[in-house]
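Working notes, beginning with the structure itself.
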Amino acid sequence: MKALWRRPEACIGLILVLGAVLMALLAPWIAPYDPLAIDLARKLMPPSAAHWMGTDQNGRDILSRIIWGARPSLTVGVLAVTIGVLGGVAIGLSAGYVRGLWEQAAMRTVDGLASIPMLIWAIAVVGIVGVGPLPIGPWTLPNESKIILLVGILYIPPLARVTYGGALVESNADYVRARRMQGASRLAIMFGDVLPNCLSPVIVQATLLIAVGIVVEASLSFVGLGVEPPNPSWGGMLSDARKYIFSGEWWTYVFPGLAISLSVIGFNLLGDALREFLDPRRAAGISVVA
Amino acid sequence: MWAIGGRIAGSLATLLAVSIVLFVLVHTIPVSPARVVLGIDASEADIAEFDRDHGLDKPLWQQYAAWIGGVAKGDFGKSVIDETSISRQIADTFPVTFELVLLAFLFALAVAIPLGAISALYGGQTIDHLARIVSVVGVSIPGFWLGLILIAWGAVSLGWFPAGGYVPWRAGALAHLQSLALPAIALGLYYVAIISRMTRSSVADVLLADHVRVSRAMGLSRRRILTYVLKNALPPVVTVSAMSFGYMFGWALIIEQVFNIAGMSRALLSAIFRRDYLMIENVVLVITAVFLAANLIADLLYAWLDPRLSR
Amino acid sequence: MALLEIDDLHIGYPTDNGVVELVRGLSFSVEAGEAVGLVGESGSGKSQTALAILQLLRPPVRILKGAIRFDGRDLATADERTLRQLRGSAISMVFQDALSGLNPAFNIGRQLTDVIMAHRRSSRADALKIAVEALGMVGIREPESRLRQYPHQFSGGMRQRVLIAMAIACRPKLLIADEPTTALDVTVQAQIVELLAGLRERLSLALLFITHNLDLMSQVCGRAVVLYGGMLMEEAPVAALFASPRQPYTRALLRCVPRLSDAPGAINSIEGAPPVAGRLGPGCPFVPRCALQVAQCVERPPERVDASRRVACWRAEG
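Residue numbers (our numbering), protein chains in the order written: chain A, 1 to 290; chain B, 291 to 601; chain C, 602 to 919.
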């Protein structure tokens, strides 16, 4: 079996993902300009040596805004998936191992959650609660946290189901029976023995869900329900650039879209490669999630 | 027969549960509709009067029952913000969104299924690699950006399509379809990718099956074997397709905004910016219902197609 | 001229280290109406031989050398169209996979009539009559009522019968049965073998019965070809083979079959491991496990022909 780094898809995916992650992490240091600095004298300039990706309608450097825009996209993607994994794995693992009434109740609830169309509800929740910072106790969270929370909760069903399937199979394995006979506690077996063997599909699914999260965040920012302007976000930049489709300032809408597409391609390629690598038999299991 | 009834009942129960969650969400927000309409400085008396007029002073469970009862009869009530009929707004906008989704769906199926099947039959060759690339790219390009690019190319550059706006059927069939063509492609490409992948893997699996070997050993023609293979490969493709229809409804709203189409997105987003929570509530309920219906149909179709399961 | 002639057949597939041969120079023939058993363990190459006859080998496995003549015509060089005409009508095959051999999405009437109509110009209605007749011949009761049923409504043994019905519906001259009973219960195995024997008589079929089960084979076949490591070890009429096996492998094989006369608890087996394709030299493949081996055995043994028997062994008696 080919090692992960020998597969061209995995390499491309990894490079793209690393690119996006590094942009997000190192933004303050690698962005050539302040993404918020307005300079109307230099508005809508095409790509040049000074501004590799040109400037937008407020004279802000597009490259810098793209680099900083990686932050909300990746934050939403990664944090939402984290919530989904924590909740989903806990539910799926316990349902698959403990079985019985808890299994029924948990998986039915999961099915119920899966009936909720993510995008509509994300729009609705942000719309109802209002766009703006979210004050919780002593902290003030940015608008994206509402999205992260909702999307994270709605990520629980696919991750729970994947874990549940694996847990069901592993719980019947001989080594689990052996551990039980050794007197190991339920929790120890669940997390120490069953869980590690269920993780492969979870990792694959999580990677692919990060990709979905990036697009959801961008879509919401595009309609004005995500990152609040003037903070840079890829979706928000596209919203600003809409009118320039007609007047030819292509750099305002091509680069942000490319940024989204390339990061998503990266996570998708990585997820696919991981799936081939970790579980080639089930490599065909494709499901729609969004 | 009972199984079908059970599934339908299950979906209805879920819809009911979801409606309760929605209701609670909408009615526990701090800003009351009265304040939205009357302003922040309105007096308590005015607010109380407003609430009485609109039935907002009744206990929550009563308001919920009234709402759900109305919905079951097809009456979504009146918006408290501007007194327009919510039913009317939904009736006006829903068909537009539905048609957009339908066109995108048909486009996706028409491209994806042949593409996936051919990829599987000629696995490893050029067409397969090409399809793979289309698949990865199609699933990664955000629909709304694709929409913008299509407008830039198809409308501004080539001038073959309008840059936006919805032309109703009665204003001319061709113009109508032209106005929906680019949005349908923008909405559908993602699902071309997903459905073609599913088709490819399903067909590839079936090709390895024992009964296909038997069919070859019995001297059946290639066309006949292809018919067999496609029927065997169909169930998972149908399931994924039906579910996709439901998801498409959500993304359609974003695409509508890109192309300025007066579908449900307009009802929803204008409601959001007007703080018309009741409208939001109803629109979300309708779309969730469509989503649940799509999943239900996916389940039922799968059972119907696979004789083993339907018994 | 025999109905089926296998002439110096070599089957294998290419690898980075050269060609791996699964069948290495096999020759035998089947006369019209005759029942021949092709016996061997897994890995002996018997299934590949069977698949090769109808050109159903799955790439990259292919025929490297040799001829497969049916009614005088070499199938290895025939075009796809000719092969399709022969498959299911002149030569039919029944496989081991009774449980999964029928398409689960179509009823058996449809599957049977599709095969019949592929080889004869008849209407669906006429084809159904032929199908009913075929189902009756394989012992399925009330066949008309079962035409609309789906494979999952049949038991394993019944499904194999349906597959046999499909195979004989167009009255083939040769029926190849590749381990048709291996996936079935023991009681059902005997029934299927009986069925094959009966069909052979009734339809004057030639039968090539491929198996590792000597007893089953002996109930229906008149002659047996013993295969090991892709090569022929011995060929003889069944009675003679059982009574006086001449090849060391055949003898060892027969010893392994449990008999009532054996001491209780005695299980005989052949020492050593089965050969691995691709790692065999040109000599006799049984050498590592043969008690009679001598230095000369590293060269391919000649086939000593004697009356109706053939033995491939340097040490074969008489």
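We treat Cβ as the ideally placed atom computed from N, Cα and C, and that holds for glycine.
A quick note: this is a predicted structure, and the numbers were derived from the prediction, not measured.
If you compare the alpha carbons of B:G359, B:G360, B:F549 with that of B:A442, the shortest gap goes to B:F549.
By the Cβ test, the segment 174 to 186 of chain A is not in contact with the segment 209 to 227 of chain A, since fewer than three Cβ pairs between them sit closer than 8 Å. Between the alpha carbons of B:A461 and B:A471 lies a gap of roughly 16 Å. Taken through DSSP and simplified to helix, strand or coil, C:K730 comes out as helix. Using a Cβ-Cβ cut-off of 9 Å, B:N585 is close to A114, S115 of chain A, given in chain order. In the DSSP assignment, C:V624 falls outside any alpha helix (DSSP H) and within the unbroken beta strand (DSSP E) covering 619 to 631. Taking CB atoms only, C:A719 has a neighbour in chain B less than 7 Å away. With 16 or more other CB atoms across the displayed protein chains lying within 10 angstroms of its CB, C:F887 is buried.
With respect to the C-alpha of C:A913, the residue from C:P876, C:A735, C:A651, C:G626 having the closest C-alpha is C:G626. Annotated three-state conformation of A:A3 is coil, per DSSP. Of all C-beta pairs linking the segment 115 to 131 of chain A to the segment 566 to 585 of chain B, three or more are shorter than 8 Å, placing the two stretches in contact. Out of B:A476, B:A421, B:D418, the CA that lies nearest to the CA of B:L438 is found in B:A476.
Taking one beta carbon from each stretch, the segment 153 to 161 of chain A and the segment 107 to 119 of chain A have 3 or more pairs nearer than 8 Å; the two touch. Non-local beta-carbon contacts of C:D816 in its own chain, meaning distances under 8 Å to residues more than five positions away in sequence, involve V858 in chain order. For the pair of segments examined, the segment 22 to 37 of chain A was found to touch the segment 55 to 70 of chain A: the number of CB pairs separated by less than 8 Å reaches three.
Taken residue by residue, none of the segment 476 to 496 of chain B has a beta-carbon sitting less than 7 Å from a beta-carbon on chain C. For chain B, the residues of the segment 263 to 274 of chain A that bring a beta carbon within less than 8 Å of one of its beta carbons are V264, I265, N268, L269, D272, in chain order. Between C:L796 and C:G866 a beta carbon distance of about 34 Å is seen, past the 8 Å cut, so the two are scored as non-contacting. Counting other Cβ atoms within 10 Å of its Cβ, B:T383 reaches 16 or more and is therefore classed as buried.
One thing to note: C:E872 has its Cβ no nearer than 7 Å to the Cβ of C:R852. For B:I337, the enclosing alpha helix (DSSP H) stretches over residues 334 to 343. According to the DSSP assignment, C:R670 belongs to the beta strand (DSSP E) that extends over 663 to 671.
Secondary structure at C:E780: coil, using DSSP grouped into helix, strand and coil.
In terms of CA proximity to C:L748, C:T714 leads the group C:T714, C:C771, C:A603. A direct Cα-Cα distance of roughly 7 Å separates C:P661 from C:P615.
The C-beta distance from C:R760 to C:P773 rounds to 20 Å, too long to meet the 8 Å contact threshold. In terms of Cα proximity to B:A402, the closest of B:L350, B:W351, B:G433, B:A483 is B:A483. Interface with chain A (7 Å Cβ-Cβ cutoff): B:L438 is included. Using a Cβ-Cβ cut-off of 8 Å, B:S511 is close to R685, A719 of chain C, given in chain order. Here DSSP, grouped into helix, strand and coil, assigns C:M834 to strand.
One alpha carbon belongs to C:C898, the other to C:W915, and they sit about 7 Å apart.
Cβ-Cβ separation between A:G166 and A:P201: approximately 6 Å, consistent with a contact (criterion under 8 Å). Counting along the chain, no alpha helix (DSSP H) covers C:H753, and no H or E run does either. Secondary structure at B:Y537: helix, using DSSP grouped into helix, strand and coil. Boundaries of the alpha helix (DSSP H) around A:S221: 195 to 222. Residue state for C:T616 is assigned as strand, using DSSP reduced to three classes.
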